[in-house]
Each structure stands twice: as C-alpha cells, then as structure tokens.
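For reference, the structure is listed below as structure tokens.
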Amino acid sequence: MLLEANKILKEDGPQTQKRTEQEWLKTPRESFGPGGWAEMVGEENVECHVIGHADHDSMMDPEVVQLTADLMQIAIQRWLSV
1 MLLEANKILK
11 EDGPQTQKRT
21 EQEWLKTPRE
31 SFGPGGWAEM
41 VGEENVECHV
51 IGHADHDSMM
61 DPEVVQLTAD
71 LMQIAIQRWL
81 SV
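Yeah, the sequence shown ends on 82 if you go by full-length UniProt numbering, and it's all consecutive.
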C-alpha cells in the first residue's frame, strides 16, 4: 500500500484526490511467510504464526487480541533471553 501511495504522490502530486486501492483488505491471503524479513534479519530470527479465524476486520476482537498478545509475549521473552 505504501508503494502504491508513493506512486500516486509522484504521478499526481500532493493535492490529488486519488486514493490507494483497498482490495488487499478483502482478499484472503495466500502467503503467510516472512515477507522479506528473513532476508533482512536472518531466517533463524523469524517465526510466522497464523491466527486462522482472524482477519483485518476482527483483529481487535478480544480473543484475537489475546492470542496476538500471547505470541508477542513469547517473542519478547525469547528476544530478551538471547
């Protein structure tokens, strides 16, 4: 989305009323990989997890927030133990 926004800005200038396409929010993901993070920080430093029943619209539901918080807590504990 940032690349698309940058392209619009370059092509149409800061006063444009054009907006980025939001279809990516509605399209089910097919890839759940690191998206370039493995190359940036090393594959051994990346873990990918999927909360299967969650999507962009449900990510603030209390259950999804808790599952995400639990995964983040594990990641922080691992990072601090290095």
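Don't be surprised by glycine CBs; every beta carbon is placed ideally from N, CA and C. Everything numeric in this text was worked out from a predicted model, so none of it was measured.
Residue span of the alpha helix (DSSP H) that contains Glu78, given as start and end: The sequence position of residue 78 within the sequence shown is 78, counting from 1. Per the sequence presented here, residue 78 reads as Arg, with Glu not at that position. Element bounds for Arg78: Pro62 to Leu80.
contact_flag[the segment 67 to 75, the segment 47 to 55] where n(CB pairs < 8 Å) is 3 or more: yes
Cut-off 7 Å between Cβ atoms - residues of its own chain near Val64, not counting five sequence neighbours on either side: Start at 1 with the first residue of the sequence shown, and residue 64 comes out as number 64. Excluding positions up to five away in sequence, the list reads Ile51, Ala54 and Ser58.
DSSP state of Ala5 mapped onto helix, strand, coil: Counting from one through the sequence shown, the residue named residue 5 turns up at place 5. Three-state result, Ala5: helix.
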